[in-house]
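Heads up: the structure comes next, in structure tokens.
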Amino acid sequence: MKHSIIIVALASVLFASCEHKEQAPEANKKFVLSDTMRHLIQIDTVKNCTVTGELSLSGVVSFNDNNVVKVFPRISGQVLEAKVSLGDKVSKGQVLAIIHSADVAGSYSDLSSANADVSITKRQMDNAESLYKNGISSEKEFNEAKQNYEKALAARRKI
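Residue numbers (this note's numbering): 0 to 158.
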């Protein structure tokens, strides 16, 4: 019973929305010029005629150098794939090219070594701090371990 009432209501809405309404024809729109513009231009009728004077120019269409940013990679390598080409608009973080580089492989190795150095010097600093707090070690040894840890962190950040 409820389903038949819903179906009848939907059918009446559909039939009501299908009425054909004629739209009023648009008024003839005319082109309007301001007084100052009317004095600056001259209006003439269109006609076919032959071109009497012809001017040939040669040149190059180029981009505006003021709107171009040159991008140079930090590492050397071989470009495997260029994702964009000259004139494409790019955004921050977009991949421009895929480069195969031996320098990057060496940097990953250096980073792994630096991470190991950081963990070792952190452990040494924690041990030196514990010994200093218990009175077993001197403040000088603790400060030296702390400086070694900070050096290792700086080396990792540099890589």
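Cβ atoms here follow ideal geometry from the backbone N, Cα and C, with glycine treated the same way.
Spatial neighbours of residue i within its chain, please: C-beta separation below 7 Å, excluding the five flanking residues on both sides.
i           : result
residue 69  : none
residue 141 : 127, 128, 131
residue 133 : none
residue 109 : 158
Quick check on residue i: does DSSP put it in helix, strand or coil?
i           : result
residue 129 : helix
residue 12  : The predicted position of residue 12 is uncertain, since its pLDDT is 48 and thus under 50; no value can be drawn from it.
residue 118 : helix
Just confirm the distance between the C-beta atoms of residue i and residue j, as a whole number of angstroms; I'd bet it's less than 8 Å.
i          : j           : result
residue 75 : residue 158 : Actually they are not in contact, since the Cβ atoms of residue 75 and residue 158 sit about 17 Å apart, beyond 8 Å.
residue 71 : residue 86  : Contact doesn't hold; Cβ gap of about 18 Å is too wide.
residue 82 : residue 94  : 5 Å
Within a Cβ cutoff of 8 Å, which residues of the same chain sit near residue i, ignoring the five residues on either side of it in sequence?
i          : result
residue 58 : none
Note down, in chain order, each residue of its chain lying with its Cβ closer than 6 Å to the Cβ of residue i, except the 5 sequence neighbours on either side.
i           : result
residue 116 : 151
Unbroken beta strand (DSSP E) runs of length 3 or more, entirely within the segment 23-111: which are they?
-> 77-81, 96-99
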